[in-house]
Amino acid sequence: MQIYLPIAEVSVNAFLLLGLGGLVGILSGMFGVGGGFLMTPLLFFIGIPPPVAVATEANQIVAASVSGALAHLRKKTIDIQMGIILVIGGIFGAALGIQIFVALKEAGQIDTLIRICYVALLGVIGTLMLFESVRSIRRTHQKTPVRRKLHHHNWVHGLPFKMKFRASGLYISVIPPLMVGAVVGILAAIMGVGGGFIMVPAMIYILGMPTKVVIGTSLFQIVFVTAFTTLLHATANQTVDIALAFFLFIGAVVGAQIGTRIGVKLPAEHLRVFLAILVIGVCAKLALELLLQPAELYVIDRGH
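Here you go:
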């Protein structure tokens, strides 16, 4: 069943979109990732223009993150103060990212930039994830105890403009959270990702936040920053395709339920190896598309 996507200006099989949403939903349920960093390049592969894929995926991330954030809010595992600081940084980052996006779109370079960013991002994430997973499996087989370092002061504690974050039990400068939020905001605007894969480790290792409030606070920030990003894309670029977002969201909701059931039955380390290989595979395909000669040497720009 073919459907016409008015903003993307392409016809796509509705069941293919449901299947892609379901696939990423399964991965989300299995691995606890948002899936934006995989969904967007998969949309490239089926012919969705990169600017539309980025803006529409940001819209879907908002819907998916609201549910998770509300659940954490009920459990009181969100540091609201920290979340607000991250949101402020994220909004400034998103505004900057949109300006970069618009400038490159006008110059006709946005498609290439998005693809290059994804090749770099997926390459780094996939490689690090693979090494960490293999090391974890070796530790399990060798039964080597994991030594955890006690909380200690780092360079973050020497910065000015300190603020007390009661839920996290921290007294640190607001500068690092603002910077982390800004980086995630830029990524959300240019790449259509929530940024949780960067935000979560940054909150743990740079800011020193306790793990129990990290996921909820990250989702809290993602909801507001990606919503702001979607609004900017819709007004400045007119690249949010609601029809596309609807089919992807329906598939993702169903897939997430399946993925959650699969995830509890399989070893976590082996799941991470599988995800790492999948990420590296997507990265390799994107890299090949950038390097090889395109099928069509000349493309008519319908935006002018």
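Per our numbering: the sequence shown = residues 4 to 307.
Backbone N, C-alpha and C fix where the C-beta goes; we use that ideal spot for every residue, glycine too.
What residues in its chain sit with their C-beta under 6 Å from that of residue i, if we drop five residues either side in the sequence?
{"i": "residue 44", "result": "121, 285 and 289"}
{"i": "residue 72", "result": "222, 223 and 226"}
{"i": "residue 236", "result": "58, 242 and 243"}
{"i": "residue 168", "result": "82, 84 and 85"}
{"i": "residue 13", "result": "50"}
{"i": "residue 231", "result": "94 and 97"}
Measure the CB-CB distance between residue i and residue j and report whether it falls below 8 Å.
{"i": "residue 1", "j": "residue 19", "result": "With the chain covering only 4 through 307, there is no way to say anything about residue 1."}
{"i": "residue 41", "j": "residue 282", "result": "yes"}
{"i": "residue 11", "j": "residue 49", "result": "no"}
{"i": "residue 205", "j": "residue 228", "result": "no"}
{"i": "residue 27", "j": "residue 194", "result": "no"}
{"i": "residue 189", "j": "residue 99", "result": "yes"}
{"i": "residue 219", "j": "residue 81", "result": "yes"}
{"i": "residue 47", "j": "residue 54", "result": "no"}
{"i": "residue 186", "j": "residue 209", "result": "no"}
{"i": "residue 15", "j": "residue 29", "result": "no"}
{"i": "residue 293", "j": "residue 128", "result": "no"}
{"i": "residue 217", "j": "residue 203", "result": "yes"}
Within 10 angstroms of the Cβ of residue i, are there 16 or more other Cβ atoms? Answer buried if so, exposed if not.
{"i": "residue 172", "result": "exposed"}
{"i": "residue 166", "result": "exposed"}
{"i": "residue 110", "result": "exposed"}
{"i": "residue 132", "result": "buried"}
{"i": "residue 125", "result": "buried"}
{"i": "residue 154", "result": "Note that residue 154 has pLDDT 49, beneath the 50 cutoff, so the model's placement of it is unreliable and no number is given."}
{"i": "residue 143", "result": "exposed"}
{"i": "residue 212", "result": "buried"}
{"i": "residue 4", "result": "exposed"}
{"i": "residue 115", "result": "exposed"}
{"i": "residue 170", "result": "buried"}
{"i": "residue 74", "result": "exposed"}
{"i": "residue 291", "result": "exposed"}
Whose C-beta lies closer than 8 Å to the C-beta of residue i among residues of the same chain, with five residues either side of it excluded?
{"i": "residue 214", "result": "207"}
{"i": "residue 163", "result": "176 and 178"}
{"i": "residue 253", "result": "21 and 24"}
{"i": "residue 105", "result": "239 and 240"}
{"i": "residue 261", "result": "25, 28, 29 and 32"}
{"i": "residue 250", "result": "6, 17, 20, 21 and 24"}
Give the DSSP-derived three-state secondary structure of residue i in the structure shown.
{"i": "residue 177", "result": "coil"}
{"i": "residue 6", "result": "strand"}
{"i": "residue 164", "result": "coil"}
{"i": "residue 13", "result": "strand"}
{"i": "residue 243", "result": "coil"}
{"i": "residue 82", "result": "coil"}
{"i": "residue 50", "result": "coil"}
{"i": "residue 139", "result": "helix"}
{"i": "residue 295", "result": "coil"}
{"i": "residue 202", "result": "helix"}
{"i": "residue 171", "result": "coil"}
{"i": "residue 19", "result": "helix"}
{"i": "residue 289", "result": "helix"}
{"i": "residue 209", "result": "coil"}
{"i": "residue 110", "result": "coil"}
Kindly list the residues whose CB is nearer than 7 Å to the CB of residue i, restricted to its own chain and excluding five residues on each side of it in sequence; keep chain order.
{"i": "residue 103", "result": "193"}
{"i": "residue 96", "result": "184, 185, 186, 187, 188 and 189"}
{"i": "residue 152", "result": "Reliability of the predicted coordinates at residue 152 is poor, the pLDDT of 48 falling under 50, and no value is obtained from them."}
Segment contact, 8 Å Cβ cut-off, at least three pairs: the segment 181–193 with the segment 84–95
The segment 84–95 and the segment 181–193 touch, with three or more beta-carbon pairs separated by less than 8 Å.
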